[in-house]
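Asks: Protein chains in written order, with my numbering: chain A, 588 to 701; chain G, 40 to 153. Cβ coordinates follow ideal geometry from the N, Cα and C atoms, glycine included.
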Amino acid sequence: AQKVTQAQTEISVVEKEDVTLDCVYETRDTTYYLFWYKQPPSGELVFLIRRNSFDEQNEISGRYSWNFQKSTSSFNFTITASQVVDSAVYFCALRPDRFNKFYFGSGTKLNVKP
Amino acid sequence: GAVVSQHPSWVICKSGTSVKIECRSLDFQATTMFWYRQFPKQSLMLMATSNEGSKATYEQGVEKDKFLINHASLTLSTLTVTSAHPEDSSFYICSARDSPYGYTFGSGTRLTVV
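(1) What does DSSP give as the partner residue(s) for Y677 (chain A) in the beta ladder?
(2) Helix, strand or coil, according to DSSP, for E126 (chain G) in the structure here?
(3) Please work out which residues of its chain come closer than 7 Å, Cβ to Cβ, to V601 (chain A), disregarding the five sequence neighbours upstream and downstream, and give them in chain order.
(4) Under DSSP, the beta strand (DSSP E) around L113 (chain G) begins and ends at which residues?
(5) For the beta strand (DSSP E) that contains K657 (chain A), what are its first and last residues?
(6) Is it right to say D104 (chain G) is buried, meaning 16 or more other beta carbons lie within 10 angstroms of its own, or is it exposed?
(7) Within the continuous beta strand (DSSP E) that includes C52 (chain G), where are the two ends?
(8) Indicate whether at least one CB of chain A lies closer than 8 Å to the CB of Y11 (chain G).
(9) By the criterion of Cβ-Cβ separation under 9 Å, what are the contact partners of F73 (chain G) in chain A?
(10) Is the region 51-68 of chain G touching the region 642-660 of chain A in the sense that three or more CB pairs, one from each, lie closer than 8 Å?
(11) When the Cα atoms are used, what is the spatial distance from Q77 (chain G) to K625 (chain A)?
(12) Determine the extent of the beta strand (DSSP E) in which Y75 (chain G) is found, giving its start and end residues.
(13) Can you tell me whether S48 (chain G) is buried or exposed? The criterion is at least 16 other CB atoms within 10 Å of its CB, across all chains shown.
(14) Is the CB of T151 (chain G) under 8 Å away from at least one CB in chain A?
(15) Please report whether the beta-carbon of S640 (chain A) lies at a distance below 8 Å from any beta-carbon of chain G.
(16) Between A135 (chain G) and S64 (chain G), how many whole angstroms is the CB-CB distance? I'm expecting something under 8 Å.
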């Protein structure tokens, strides 16, 4: 079975705080891809990152960083020094290599207050 | 980068009427496009996979006769919601494969059936 769990439904932080969004996935496939998308109130999905199952190297992009750990089947996303513009719903997704289909988590709504 | 244009961004229609949503790949050819549905405060669920020149593949539980998909060219897929009812009100978003690993999402269409 393919499954993505984002246990945090909603998180509220004050601007400049660091925040980590959790993502746990389930798959029996050995080759797969993990994604994070941002969905602002306007609705479009903004691509943030893609990771393949063979690359456990953590990644940092500006204020964003991702921690991929196959041992715990987790792909967590950290925003450092959060800003009001980071307020959105964030989705973690899994795509097994043999499928074109994305399996999305339920999303985490992040509220960053000034 | 790859761009997928979705039109309209929002639409309000009367119960019993049909509405068509277009998904275009602007700068690449997409033999395969995907249609997702998102209910308020919920995750995205794949409805169907649209294949250029052939019939769409629907996910379990999705009514083929209600959600008509046409993929007549390499740059255009359409989703027609037939005899729409208030329970069809949702956010519909398309996606296209633009590279071996890349998938680009459209900006979504918010459908309200009154």
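Replies: So, from the data block:
(1) For the purposes of this step, residue 677 (chain A) is identified with residue 90 of the first sequence, where counting begins at 1. A:K625 and A:T695, per the DSSP bridge assignment.
(2) Taking the first residue of the second sequence as position 1, residue 126 (chain G) is located at position 87. Three-state DSSP puts E126 (chain G) in a helix.
(3) Your numbering for residue 601 (chain A) matches position 14 in the first sequence. Only K700 meet the Cβ criterion.
(4) Taking the second sequence and counting its residues from 1, one reaches residue 113 (chain G) at position 74. Neither: L113 (chain G) is in no beta strand (DSSP E) and is coded neither H nor E.
(5) Within the first sequence, residue 657 (chain A) is the residue found at index 70, counting from 1. K657 (chain A) -> no beta strand (DSSP E), and no H or E assigned at all.
(6) Mapped onto the second sequence, residue 104 (chain G) falls at position 65. So D104 (chain G) ends up on the exposed side.
(7) Here residue 52 (chain G) refers to the residue found at position 13 when the second sequence is read from its first residue. Where C52 (chain G) is concerned, the enclosing beta strand (DSSP E) stretches over W49 to C52.
(8) In this structure chain G extends from 40 to 153, so residue 11 (chain G) is not present and cannot be described.
(9) By 1-based counting over the second sequence, the position of residue 73 (chain G) is 34. Those are N687, K688 and F689, listed as they occur along chain A.
(10) no
(11) Looking up residue 77 (chain G) in the second sequence gives position 38. Looking up residue 625 (chain A) in the first sequence gives position 38. Computed Cα separation, rounded: 14 Å.
(12) For this step, residue 75 (chain G) is matched to residue 36 along the second sequence. First-last of the beta strand (DSSP E) with Y75 (chain G): T71 to Q77.
(13) On the second sequence, residue 48 (chain G) is found 9 positions in, with the first residue counted as 1. Its Cβ having fewer than 16 others within 10 Å, S48 (chain G) is exposed.
(14) Here the question's residue 151 (chain G) lines up with position 112 in the second sequence. For T151 (chain G), the answer is no, since every Cβ of chain A falls outside 8 Å of its Cβ.
(15) Taking the first sequence and counting its residues from 1, one reaches residue 640 (chain A) at position 53. It does not; no Cβ of chain G falls within 8 Å.
(16) Translated into positions along the second sequence, residue 135 (chain G) becomes position 96. Translated into positions along the second sequence, residue 64 (chain G) becomes position 25. Rounded, the Cβ-Cβ distance is 5 Å, consistent with contact.
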